[in-house]
Every structure is written in structure tokens, then in C-alpha cells.
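J.: Residue numbers (our numbering): 37 to 364. Cβ atoms here follow ideal geometry from the backbone N, Cα and C, with glycine treated the same way. The following block contains the structure, expressed as C-alpha cells.
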Ligand code: UT7
């Protein structure tokens with residue numbers, strides 16, 4: 037029987053040019069570069085201009101990934117866009133991306149799984165490849181969270197940034213790609229990262245706008261506690277299940293939310309700093325885009341190459357988490 041595998045055939049990122057530094061934030065709200073750096077490791081974040089949008093960042097990142105993979109728009113079978121900050125609640129932004137790319141043979145859908153979205157989407161794409169159904173799938177992580185935060189709320193606005201990155205997963209008969217994965221969810225923590233208004237439970241009204249309920253709210257301390265435990269656990273789970281040891285991992289790419297959480301998880305797992313990819317200092321938390329942006333940068337910096345054993349772990353709203361071991 038023929039077995040199919042999903043090879044990481046291309047990658048690309050698209051990050052807005054505009055940068056906001058901690059210093060600039062400190063001039064506008066009651067915060068400081070020292071506080072943000074010490075508590076999070078973030079120094080600056082990229083944010084969209086008024087005329088830049090989620091669909092465009094996702095399209096640009098996808099184009100770059102397609103170029104690297106050497107495929108045409110007609111060859112794309114499926115586009116999965118992981119995001120919680122689409123252009124519109126309806127239609128799905130995935131169809132805008134499909135149209136912009138001219139990927140006229142592709143199906144397209146959105147996955148809304150907070151910062152864990154890209155890992156969920158990558159695992160989902162791999163199932164379509166393994167079944168033999170599709171040859172080329174674009175998986176995009178994209179966020180424009182700067183439009184969802186209250187820029188007067190220091191609990192959230194200092195943490196997030198905008199950006200997009202995509203990979204092309206391509207069918208091959210050579211054994212490679214996803215080895216093991218673990219997807220988790222604990223909805224009892226649903227209120228810890230929430231946009232209260234804008235869904236159907238609390239639609240946008242004058243009252244909800246006056247109360248600022250359209251903005252992202254976060255219980256940072258609770259998320260911190262959850263993330264510190266779940267990152268290490270989720271990593272260990274996929275390594276154990278695959279029958280590997282931590283030492284065999286060439287590069288660990290964790291969700292870039294907070295440098296302290298990353299350090300804690302790496303230490304718990306026994307991973308040396310040189311095997312851990314960190315770029316949260318330059319981008320802040322780009323939510324579903326954070327893992328793929330880090331993948332793209334790891335390739336650009338020659339920290340990732342064909343044959344490497346890559347471990348990905350993400351966590352986010354839901355609460356959710358996901359991890360995987362991947363042969364590049
Ligand atoms: O992608 C998934 C989503 N999110 C996360 O992963 C976030 C996880 N959580 C965190 O990263 C951290 O909890 C934060 C960075 C959000 C906060 O760090 P912390 O060490 O947990 O601080 P804290 O919440 O315990 O707050 C300490 C103090 C508070 O003052 P009081 O109540 O002790 O007087 C805050 O009001 O720091 C204050 N504070 C700030 N001060 C200056 C909160 N935000 C700021 C700020 N600048 N930007």
C-alpha cells in the first residue's frame with residue numbers, strides 16, 4: 037500500500053513594516069520598557085497601517101511560500117487560514133486569500149483556535165495529505181490583533197503584534213513531515229482570553245461599545261500559570277509517543293507569547309537555549325502567526341534545514357494547546 041507524507045516544501049512570511057517600540061508605548065500609556073522587557077522579553081512589535089489587512093498579509097505570506105515550493109496557484113488544492121482577526125466575521129478570510137492568489141482549484145477554510153491555530157491547521161492539513169486526497173496545501177497563520185486590543189489597556193496592548201506566515205505542505209512518498217501530534221482543549225478556561233462582544237452571544241451595541249467589550253481581554257496571570265505547565269507537558273507527550281528523546285530534537289519552536297514562559301518550558305524539558313527559537317523580542321505575541329513566523333525565520337537564519345527534527349508547541353485561547361514533532 038502506498039503511504040503518503042506531507043513535506044514542508046515552502047515557507048514565507050509577511051510582516052507589516054511599521055514598528056512600535058516599548059519606548060513609544062511608554063510615551064502613550066502607563067508602562068515602561070523595563071517592565072515589558074523584564075516580564076515578557078518583548079522589545080518591539082509590528083503593526084498594520086490603516087490600509088493593511090489580514091487578507092493581504094495572508095496572501096503575501098502564501099505567495100512567498102508558493103514561490104519557495106515552486107508551485108503555481110492552479111496546483112494548490114486547499115488553503116487553511118488560522119486566525120482570530122479576519123477582515124470580516126463573514127465571509128471567511130480564507131476565500132479572500134484563495135481569490136487573491138487565483139487558486140481556483142482550491143478549497144479554503146478558516147481555523148479559529150487562538151494562538152494554537154497554526155498547529156491545529158498544520159495537523160489538519162497533514163490528514164488531507166496522508167489520506168491521499170490532496171497534493172499541495174497552504175497553511176497560513178495570520179493576525180491583525182492590533183485592531184482588537186484597546187491601546188489604552190496596558191494589560192494587553194503591550195503584548196501583541198501583527199503578522200503572517202505560511203507553509204506549503206506537499207504530498208510525497210518519502211517518509212518525512214509530521215511524526216506525532218497532540219491537540220488539547222480545556223474550555224473551563226474560556227474567559228481567560230476573550231473578546232466578549234462581536235459574536236452572537238453579545239452582539240455589538242452602543243452599550244457594549246461604551247463598555248469596550250469589543251476589545252480583547254486577558255487574565256494574564258491565569259494564562260501564564262496554564263502555559264508554564266502545558267508547554268512542557270505537551271512537548272514531552274509527542275516526544276514520548278514518537279519514541280524519541282529530547283536530545284534528538286534539533287530545534288524547538290514554541291509559541292512566542294512570553295520569553296519567561298518559553299525559558300521555563302525549555303528548562304523543564306531539559307532543552308539547551310541554543311535549541312530553542314525565540315523572536316518574541318522583535319514581534320511580540322502574533323498569536324496564530326507566531327509559530328509559522330518563527331519557522332520562516334529559523335530557515336532564513338539557517339537554524340533549520342532539511343532532515344532536522346523540529347518540535348512545535350503552542351497554547352492560547354479556549355484554552356487550547358497543541359504540539360507536534362516534525363521531520364523537516
Ligand atoms: O498567547 C496566549 C496569550 N497570552 C499569554 O501568554 C500571556 C501570559 N501571561 C503573561 O505573559 C504575563 O502574565 C503578563 C506579561 C501578561 C503579566 O506579567 P505578570 O508577571 O504575570 O504580571 P501581573 O499580571 O502579576 O501584574 C503585575 C503588575 C500589576 O500591578 P499590581 O496589580 O501588582 O499593582 C499590573 O497592573 O504589573 C501591572 N502591569 C503593568 N505595569 C506596567 C500590567 N501590565 C503592565 C504594563 N506596564 N504593561
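Kindly confirm or deny that the stretch 58–73 and the stretch 185–195 touch, where touching means at least three C-beta pairs closer than 8 Å.
T.: yes
J.: Nearest to residue 267 by alpha carbon, out of 344, 319, 348?
T.: On the chain shown, residue 267 is found 231 positions in, with the first residue counted as 1. For the residues 344, 319, 348, the minimum Cα distance to residue 267 belongs to 348.
J.: Output needed for residue 104: all residues of its chain with C-beta closer than 8 Å, excluding positions within five of it in sequence on either side, in chain order.
T.: Taking the first residue of the chain shown as position 1, residue 104 is located at position 68. Hits under 8 Å: 45, 46, 47, 48, 204.
J.: Would you say residue 251 and residue 198 are within 7 Å of each other, going by their C-beta atoms?
T.: Against the chain shown, residue 251 aligns to sequence position 215. Against the chain shown, residue 198 aligns to sequence position 162. For residue 251 and residue 198, no; Cβs fall outside 7 Å.
J.: For residue 270, is the beta carbon positioned less than 6 Å from some heavy atom of the ligand UT7?
T.: Within the chain shown, residue 270 is the residue found at index 234, counting from 1. No; taking the cut-off as 6 Å, the Cβ of residue 270 has no heavy atom of the ligand UT7 nearer than that.
J.: Alpha carbon to alpha carbon, what distance is there between residue 210 and residue 183?
T.: For the purposes of this step, residue 183 is taken as the residue at position 147 of the chain shown. For the purposes of this step, residue 210 is taken as the residue at position 174 of the chain shown. Each residue's Cα considered, the two are about 43 Å apart.
J.: Applying the 10 Å Cβ sphere with the 16-neighbour rule, what's the burial state of residue 163?
T.: The sequence position of residue 163 within the chain shown is 127, counting from 1. Residue 163 should be labelled exposed.
J.: Per DSSP, what are the beta-bridge partners of residue 145 in this structure?
T.: Counted from its first residue, the chain shown places residue 145 at position 109. Answer is 116.
J.: With three or more C-beta pairs closer than 8 Å as the rule, is the stretch 66–81 touching the stretch 213–220?
T.: no
J.: Give the DSSP bridge partners of residue 290, in chain order.
T.: Position 254 of the chain shown, counted from the start, is the residue given in the question as residue 290. DSSP, once it has assigned bridges, lists 349 as partnering residue 290.
J.: Given this structure, state the Cα-to-Cα distance separating residue 26 from residue 287, to the nearest angstrom.
T.: The structure shown does not extend to residue 26, since the chain is modelled only from 37 through 364, so no value can be given for it.
J.: Using 10 angstroms around the beta-carbon of residue 82, count the other beta-carbons present and answer buried if the total reaches 16, otherwise exposed.
T.: Counting from one through the chain shown, the residue named residue 82 turns up at place 46. Buried: at least 16 other Cβ atoms inside 10 Å.
J.: Can you give me the C-alpha to C-alpha distance between residue 206 and residue 114, rounded to a whole angstrom?
T.: For this step, residue 206 is matched to residue 170 along the chain shown. For this step, residue 114 is matched to residue 78 along the chain shown. C-alpha separation (whole angstroms): 11 Å.
J.: Around the Cβ of residue 386, are there at least 16 other Cβ atoms within 10 angstroms (buried) or fewer (exposed)?
T.: Because the chain spans 37 through 364 in this model, residue 386 falls outside it and cannot be assessed.
J.: State the Cα-Cα distance for the pair residue 291 and residue 232, rounded to the nearest angstrom.
T.: Locating residue 291 in the chain shown gives position 255, counting from the first residue. Locating residue 232 in the chain shown gives position 196, counting from the first residue. Residue 291 and residue 232: Cα-Cα distance of roughly 24 Å.
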